[in-house]
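**Student:** Chains as they are written, first to last, in the working numbering: chain A, 1 to 139; chain B, 1 to 101.
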């Protein structure tokens with residue numbers, strides 16, 4: 001029995017109606033907002049200007065790119081946040097009982113469960129002396 | 001002739017509502033994360049659209065930071081899902097109804 005995705009027929013329609021109603025309200029507000037035509041980005045490399053703005057080198061940003069501001073503090077803050085997220089992810093993924101590096105990709109299964117089930121058939125084959133030509137064990 | 005800003009706002013609102021519908025409907029924690037990503041990306045579209053509207057690059061730079069924040073959020077979210085899977089043998093969010101077990 002595979003678990004392919006199936007069309008959900010027993011659903012609560014209230015959620016869908018709520019999301020649609022929110023979209024209708026938002027669309028009404030946006031269409032009736034009366035926004036002017038966009039000014040657009042002027043000549044010059046946008047990617048280079050983004051890089052300059054990210055490191056507060058605003059004198060290198062051409063005037064055609066408007067009054068772009070510096071984002072060095074935001075850049076450093078995000079760097080710290082990403083570092084904290086990495087530490088948090090490692091902390092959450094680590095087992096409370098003693099963890100070994102090779103079990104980091106097993107999807108969180110118990111350490112001893114698959115070791116026992118894999119070892120048993122291999123031993124049985126060796127004991128009976130039948131060579132089936134397959135390893136059977138360490139898959 | 002540039003595309004008017006309202007179209008960007010409409011597609012952003014559609015993306016946000018799809019994400020909201022996913023959060024209201026789904027029970028799988030991974031699909032929750034995907035729905036949150038949809039909503040964050042709707043905000044990114046708004047930032048870039050208004051950056052174009054005002055003719056400066058503030059919104060584009062800020063959308064990069066939002067993407068980095070989304071990556072941090074996913075890293076923590078997947079760690080939480082891993083813990084959820086270990087403790088409840090599944091990632092159904094309705095199973096974990098209490099803060100301790």
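Using N, Cα and C, we set each Cβ at its ideal position, and we do this for glycine too.
In this structure, how does DSSP classify residue 56 of chain A when only helix, strand and coil are distinguished?
**Tutor:** Three-state DSSP puts residue 56 of chain A in coil, outside helix and strand.
**Student:** Can you give me the Cβ contacts of residue 88 of chain B inside the same chain, cut-off strictly under 7 Å, excluding the 5 residues immediately before and after it?
**Tutor:** Cβ within range, chain order: 95, 96.
**Student:** To the nearest angstrom, report how far apart residue 19 of chain B and residue 38 of chain B are at their CA atoms.
**Tutor:** About 5 Å.
**Student:** With 16 as the cutoff for other CB atoms within 10 Å, does residue 44 of chain A come out buried or exposed?
**Tutor:** Exposed, by the Cβ-count rule.
**Student:** Need the endpoints of the alpha helix (DSSP H) that residue 9 of chain B sits in, please.
**Tutor:** Residues 5-25.
**Student:** By the three-class DSSP mapping on this structure, what secondary structure does residue 41 of chain B have?
**Tutor:** Correct three-state label for residue 41 of chain B: helix.
**Student:** Please state whether the Cβ-Cβ distance between residue 4 of chain B and residue 58 of chain A is less than 9 Å.
**Tutor:** The answer is no: Cβ separation not under 9 Å.
**Student:** Closer than 8 Å, Cβ to any Cβ of chain B: which residues of the segment 39-53 of chain A, in chain order?
**Tutor:** Against chain B - using a Cβ distance shorter than 8 Å - the residues of the segment 39-53 of chain A are 39, 40, 41, 42, 46, 49, 50, 53.
**Student:** Just the C-alpha distance for residue 10 of chain B and residue 63 of chain B, rounded to the nearest angstrom, thanks.
**Tutor:** Those two C-alpha atoms are separated by around 18 Å.
**Student:** Under the rule that 16 or more other beta-carbon atoms within 10 Å means buried, what is residue 15 of chain B, buried or exposed?
**Tutor:** So residue 15 of chain B counts as buried.
**Student:** Using CA coordinates, which residue listed in B/60, B/66, B/65, B/56 is at the minimum distance from residue 62 of chain A?
**Tutor:** The residue with the shortest Cα to Cα distance from residue 62 of chain A is B/56.
**Student:** DSSP has residue 67 of chain A in a bridge; who is on the other side?
**Tutor:** Answer is none; residue 67 of chain A lacks a bridge partner.
**Student:** Can you list the residues of chain B that residue 31 of chain A reaches, using a CB-CB cut of under 7 Å?
**Tutor:** Result: 6.
**Student:** Just checking my contact of residue 76 of chain A with residue 56 of chain A at CB under 8 Å: how many whole Å lie between their CB atoms?
**Tutor:** Not really, about 11 Å apart at Cβ, beyond 8 Å.
**Student:** Counting only beta-carbon atoms, is residue 44 of chain B nearer than 9 Å to chain A?
**Tutor:** It does not: the Cβ of residue 44 of chain B has no partner Cβ on chain A nearer than 9 Å.
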